[in-house]
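Take a look at the structure below.
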């Protein structure tokens, strides 16, 4: 994998770049739709390609490990061949899912014991077998195995957690360097910066990660309960240290305005379940604000769901989508998911254009207030 830094904004740390993988190129800044189990919920790959304009999607190691399982994925020739997505894929390591299984998991130095949310069966993740699992899945970008501590962790817990994550990171790189890709395309390993909301821990973690000289680096453990302004502060602390000639990936964030604020602070890559999860629950994102399509006010509004226009089909009206949600039609969730994903991809595309034009900061300020409104 290579990364070419192309433009930088004179008034902020925003930048554009080009990631090249064996499965294609990715223009940054970029939003990556989440395909937890090898699919983006409710959205065909044709729609992802032609309407959403997705350049890369995510798969989740924890979920794919449990189902369909490693035997099936290996027999299929990896996730690309299993699901038919012929563009780049990133897999997270399962660290966040393990964090979210509080009550049915046990952390120890060797790794993490957990019970499946599907059938209660017992499993054990280590840095080594997670690397082996991600080799079998075959993603272009693999994430290191880490612990994602709660956002309100105290300093001592956060420090112990970070130290263990760093020891796990060393083991991840050792295993990664001892093994080879299985399907004829190269894979890159991204380490993850943790440290909760403590500046010194985040700074130490960023230095530790930067020393790995990886193809790219990630920022994890944010948007897990801490105040938004603290999240932005942690991004600034970390990005002041992470190398500028490698892509920076902010994991699991977030709202459209979160993304613009993070781009301004030098982040290149994003993912979040929000566009599809909120879409399935009738919330649409637009430049003019957010809309709950179950609200009666849309019942006789025959204007397009996004008057500004996005990559999706604009012939669907607010009244029609309101009707579909009230009638509990599956099409409602599909239209809303495609719309939101299209908006997110349009947002980062617009951000890229304004960075190139030299007016990103002014443009960002002009759109953020409207986007946060409830219509």
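Residue numbers (the working numbering): 5 to 379.
Beta carbons: idealized from backbone N, C-alpha and C, even for Gly.
Any idea if residue i is buried or exposed, counting beta-carbon neighbours within 10 angstroms, 16 or more meaning buried?
i           : result
residue 370 : exposed
residue 140 : buried
residue 368 : buried
residue 114 : exposed
residue 315 : Reliability of the predicted coordinates at residue 315 is poor, the pLDDT of 47 falling under 50, and the value obtained from them is presented with this limitation in mind. When all chains shown are included, residue 315 counts as buried.
residue 334 : exposed
residue 244 : exposed
residue 19  : buried
residue 24  : exposed
residue 347 : buried
residue 150 : buried
residue 204 : exposed
residue 377 : exposed
residue 267 : buried
residue 188 : exposed
residue 132 : buried
Quick check on this structure: which residue in the options has the alpha carbon closest to the alpha carbon of residue i?
i           : options            : result
residue 193 : 339, 61, 179       : 179
residue 190 : 213, 119, 28, 356  : 28
residue 343 : 365, 332, 310      : 310
residue 111 : 161, 71, 65        : 161
residue 4   : 187, 158, 181, 220 : Given that the chain is displayed from residue 5 to residue 379, the structure contains no residue 4 and the question cannot be resolved.
residue 276 : 296, 255, 295, 270 : 255
residue 61  : 377, 290, 30       : 30
residue 59  : 352, 374, 375      : 352
residue 374 : 357, 235, 330, 295 : 295
residue 264 : 215, 227, 372      : 372
residue 54  : 357, 248, 350, 362 : 350
residue 2   : 248, 339, 152      : Examination of residue 2 is not possible in this model, given that the chain is present from 5 through 379 alone.
residue 127 : 142, 66, 324, 166  : 66
residue 286 : 250, 274, 323, 306 : 323
residue 356 : 26, 288, 34, 129   : 34
residue 215 : 182, 56, 236, 177  : 177
Report yes if the CB atom of residue i is closer than 7 angstroms to the CB atom of residue j, and no otherwise.
i           : j           : result
residue 73  : residue 93  : no
residue 146 : residue 95  : yes
residue 359 : residue 13  : yes
residue 252 : residue 272 : yes
residue 116 : residue 134 : no
residue 16  : residue 365 : yes
residue 220 : residue 198 : no
residue 70  : residue 120 : yes
residue 124 : residue 83  : no
residue 238 : residue 206 : yes
residue 148 : residue 186 : no
residue 280 : residue 45  : yes
- Task: Taking 8 angstroms as the threshold, find out whether the stretch 205 to 214 comes into contact with the stretch 226 to 234 through three or more Cβ pairs.
- Result: They do not touch, by the three-pair rule.
- Taking only runs of the beta strand (DSSP E) that begin and end inside the stretch 6 to 64, which ones reach a length of at least 3 residues, in chain order? Within the stretch 6 to 64, the complete beta strand (DSSP E) segments at least 3 residues long are 6 to 12, 19 to 25, 28 to 32, 34 to 36, 61 to 64, listed from N- to C-terminus.
- Item | Residue ranges of each beta strand (DSSP E) within the stretch 243 to 298, 3 or longer | 252 to 254, 273 to 275, 287 to 290, 293 to 296, all fully within the stretch 243 to 298.
- Query: Of all the beta strand (DSSP E) runs that stay within the bounds of the stretch 90 to 143, which reach a length of 3 or more residues?
  - Reply: DSSP runs (the beta strand (DSSP E)) wholly in the stretch 90 to 143: 93 to 96, 109 to 111, 116 to 119, 126 to 129.
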